[in-house]
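Data block below; observations after.
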Amino acid sequence: MFINIRLFILTNHSINNTMKEEKLGFIGLGNMGHPMAKNLERSESVLSVYNRTIEKAEDFKEKSIVCHTVAETVENSDIIFTMLTDDHAVKAVYEEILMLDISGKLFIDMSTISPETTKEISAAIKIKEAGFIDAPVAGSTKPAAEGTLIIMAGGEEQDIRRAEPYLKKLGKSIKHLGGNGKGIAAKLSVNYFISAIYQGLAETVLFSEKLGIAREDMLEIINESASGSGATKVKTPLLINNSYEPAFALDLMLKDILLAKNAGAGFPLSEALIATYQSAHDAGFGKDDVIGIINYLKDKS
Numbered sequence: 027m028f029i030n031i032r033l034f035i036l037t038n039h040s041i042n043n044t045m046k047e048e049k050l051g052f053i054g055l056g057n058m059g060h061p062m063a064k065n066l067e068r069s070e071s072v073l074s075v076y077n078r079t080i081e082k083a084e085d086f087k088e089k090s091i092v093c094h095t096v097a098e099t100v101e102n103s104d105i106i107f108t109m110l111t112d113d114h115a116v117k118a119v120y121e122e123i124l125m126l127d128i129s130g131k132l133f134i135d136m137s138t139i140s141p142e143t144t145k146e147i148s149a150a151i152k153i154k155e156a157g158f159i160d161a162p163v164a165g166s167t168k169p170a171a172e173g174t175l176i177i178m179a180g181g182e183e184q185d186i187r188r189a190e191p192y193l194k195k196l197g198k199s200i201k202h203l204g205g206n207g208k209g210i211a212a213k214l215s216v217n218y219f220i221s222a223i224y225q226g227l228a229e230t231v232l233f234s235e236k237l238g239i240a241r242e243d244m245l246e247i248i249n250e251s252a253s254g255s256g257a258t259k260v261k262t263p264l265l266i267n268n269s270y271e272p273a274f275a276l277d278l279m280l281k282d283i284l285l286a287k288n289a290g291a292g293f294p295l296s297e298a299l300i301a302t303y304q305s306a307h308d309a310g311f312g313k314d315d316v317i318g319i320i321n322y323l324k325d326k327s
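Numbering (this note's numbering), first residue to last: 27 to 327.
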């Protein structure tokens, strides 16, 4: 028994030391990336951060290393997270990364991009003898800050195991769904569903108001019935206050619906969703929170 306990202690000590040796990097400190990187900063690992707009890294200076280039971030790190806006931004960053010696490093892209871009980048990274995981998330800025995101991961088993201690700092659940591209596939599917929920919620609120039901009452009924969900509850304060500061911008949802369509979501609802979100963007609502689509629909009704 004594030998087993001693072996357990030594093994755990070894694992903890291995974890501490991994230096982390984070590229992309936007609405989601900033709170996620802050959660990693609270771990015992050395963290290097980079953002194209350097001011967004200002509050990392005390505890972390603020880098001025992508290359500096990668060179300082063993595991590098990327959280960027779209395919164009991700490609630009990984073009720089692929010019470096990255052998043995692990890259975790948490952006929402096309499956094609994910697979191209993962293949190129592996040629350079590095690892790659696509790990987009379900959840917006509040769960990002709380470390309660749901992480959908595609990649090789050994890379997932290596990343797991750090992914656990970011999310309450890590779903390994298969090889590269499977994480993105799940993310596009989830956001397709959520886009329909938000348009439906906005239309329902407007419809009930036309029938003389107060917005607060209708939202309480929705949230306390089978039609309610985390998605409806998180947007309720914005709808009640009629204030649409973006946790997840309408333009980002439009991007994701178009990605879903290009990936094969050619359903009757797809065309209706694209038409509505595209028209809302064209009318100037793209920078509002996604549930701000209610203002576009109100103008049209």
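Every residue, glycine too, gets a C-beta built ideally from N, C-alpha and C. What you are looking at is a predicted structure, and each value in this text was computed from that prediction instead of being measured.
How big is the Cα-Cα spacing for N38 and E190? Confidence in N38 is poor, its pLDDT being 46 and thus under 50, which makes the residue's placement unreliable; the coordinate value appears in the next sentence. Cα to Cα, N38 sits roughly 16 Å from E190.
Roughly how many angstroms lie between the CA atoms of E242 and P162, to the nearest whole one? The alpha-carbon atoms of E242 and P162 are separated by roughly 33 Å.
Is DSSP giving N43 helix, strand or coil here? Confidence at N43 is low in this model, with a pLDDT of 41, below 50, so its placement is unreliable and no value can be given for it.
C-alpha distance - I151 paired with Y224, whole-angstrom precision: Each residue's alpha carbon lies about 36 Å from the other.
G130, DSSP secondary structure in three states: coil
Can you check DSSP and say which residues form a bridge with A275? Answer is D315, bridged to A275.
Any idea which residues DSSP pairs L73 with across the strands? L50
Can you have a look at P263 and say buried or exposed, based on whether 16 or more other CB atoms are within 10 angstroms of its CB? exposed
Can you tell me which of the three DSSP states G238 falls into? coil
Flag this pair as yes or no: are the beta carbons of P272 and D314 separated by less than 8 Å? yes
Close Cβ partners of I29 (< 7 Å) along its chain, the five nearest in sequence each way excluded: Any reading at I29 is ruled out, since the residue's pLDDT is 39, under 50, leaving its predicted position unreliable.
Among N102, N206, S103 and V119, whose alpha-carbon lies nearest the alpha-carbon of L110? V119
Three-state secondary structure (DSSP) of L203: Looking at L203 - three-state DSSP - the assignment turns out to be strand.
Which residues in the same chain as I91 place their Cβ atom closer than 8 Å to its Cβ, once the five residues preceding and following it in sequence are excluded? The answer, listed in chain order, is V72, L73, S74, V75 and N102.
Roughly how many whole angstroms lie between the Cα atoms of E84 and E146? Rounded to whole angstroms, the separation of the alpha carbons of E146 and E84 is 33 Å.
Identify the continuous beta strand (DSSP E) that holds D160 and give its terminal residues. Counting along the chain, the beta strand (DSSP E) containing D160 begins and ends at G157 to D160.
Exposure label - F219; buried when at least 16 CB within 10 Å: exposed
Taking R187 as the reference, give the member of V216, G157, P169 and G173 with the closest Cα. G157
Checking the sheet assignment: what are the DSSP bridge partners for V92? V75
Can you tell me the Cβ-Cβ gap for L285 and L214, rounded? I've got them flagged as a contact below 8 Å. 6 Å
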